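Numbering (full-length UniProt numbering), first residue to last: 1 to 398.
Ideal Cβ positions, reconstructed from N, Cα and C, are used throughout, including at glycine.
A quick note: this is a predicted structure, and the numbers were derived from the prediction, not measured.
Right, one structure below, let's go through it.
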């Protein structure tokens, strides 16, 4: 069996990972940062992004591809007024969506320099499954935000486009009846735009409020962290995505996510396995979960075996883990194995036809991994396996 590719992690300096050492000599990653200019109408500063050198287009860089047959390049489009919500809410929501494997369009980051912002934004809405207008006090002061909402409503009426309104520091009634700061904004718009345009914007707001949305004050008593969790859960339920919850977002994790994904080498024939090792509590599992989430949709099956260290010593613990592995990948009922030998035989005989991504979390001993992935020949050549461990010696099996 080929040696496992290793990533050793050390977070003692409060960065996510101080080093990654890799066997078998892999290519290095190069990151490119593109600065975007501010748009005065949007009131948003330019953003930046990181890309792998080998990415052929801007849409292929970090996230799983959305169902191409449905014509969607994105899963979520975020519509927001930058000065109101960027730092305290929108950035956090965006990164939680990204870490859950949700391909999200945030216009200040996605637009390329030199493109016309208006048409590109409208195209992005059309290419998204869900639009999320984030209503804040200054939302309607932006003509682009209003144009985005009008486009969302138009698509909802013509297609199955979904709108999920979020109400931050305004109530649904303020949005519906355009009172308070919204009244002031529309007074200004009436001076600058024709009646038909302004009325279209008013009608769009009224239509959006009719939809089932989420209100910060009611859903989470004003607490952004709790509210973002609820928004994320709603999005994932709509998309029917089986993601892994990532509670701790590590500083500087993106580069290391890319490094692990490069080691997994999805374009290569043959099972690839990557081991992530380091002391407990430094981010091994968080890193592995983010990679797993971002790659999830590229596989027909998946399995996450949590906390193998604690589960395996329990009565029939390893047998239970074997049963879950088989059940998750084959999407079948759990089986009760008499012993690990029986479970091993079933895994060996039945998993090879399923392209799967597997995360084996916190393995401790060689015998645990031997019972769950004793031979890479058990798995489809297109499968990928991630192992996290505190004991480097546990990976000697591979």
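Item: May I ask which residues mark the beginning and end of the alpha helix (DSSP H) holding residue 259?; Value: 253-264
Item: In angstroms with no decimal places, state the Cα-to-Cα distance between residue 204 and residue 123.; Value: 18 Å
Item: Counting Cβ pairs, one atom from each stretch, are 3 or more of them under 8 Å apart for the region 317-325 and the region 254-269?; Value: no
Item: Assuming residue 186 and residue 175 are in contact, meaning their beta carbons sit under 8 Å apart, how far apart are those beta carbons, in whole angstroms?; Value: That belief does not hold up - the Cβ atoms of residue 186 and residue 175 are roughly 12 Å apart, past 8 Å.
Item: If I follow the unbroken beta strand (DSSP E) through residue 362, where does it start and stop?; Value: 356-363
Item: On the criterion of 16 or more Cβ atoms from any shown chain inside 10 Å, does residue 343 qualify as buried, or is it exposed?; Value: buried
Item: Below 7 Å CB to CB, which residues in the same chain sit around residue 350 once its five sequence neighbours on both sides are set aside?; Value: 326 and 330
Item: Within its chain, find whatever has a CB closer than 6 Å to the CB of residue 180; leave out the 5 residues flanking it on each side and keep chain order.; Value: 174
Item: Quick one: measure Cβ to Cβ for residue 97 and residue 232, integer angstroms, because I've assumed they're closer than 8 Å.; Value: 7 Å
Item: Just the C-alpha distance for residue 182 and residue 224, rounded to the nearest angstrom, thanks.; Value: 23 Å
Item: To the nearest angstrom, report how far apart residue 378 and residue 348 are at their CA atoms.; Value: 5 Å
Item: Do you know offhand how far residue 160's Cα is from residue 153's?; Value: 11 Å
Item: Mind checking residue 226: buried by the 16 CB within 10 Å criterion, or exposed?; Value: exposed
Item: Nearest by alpha-carbon distance to residue 261: which of 290, 281 and 313 is it?; Value: 290
Item: If you draw a straight line from the C-alpha of residue 184 to the C-alpha of residue 191, how long is it?; Value: 11 Å
Item: With distances taken between CB atoms, is the gap from residue 308 to residue 287 smaller than 8 Å?; Value: no
Item: If we ignore side chains and look at the alpha-carbon of each, how far apart do residue 386 and residue 280 end up?; Value: 16 Å
Item: For residue 352 and residue 380, which I take to be in contact (beta-carbon distance under 8 Å), what is that distance rounded to the nearest angstrom?; Value: 6 Å
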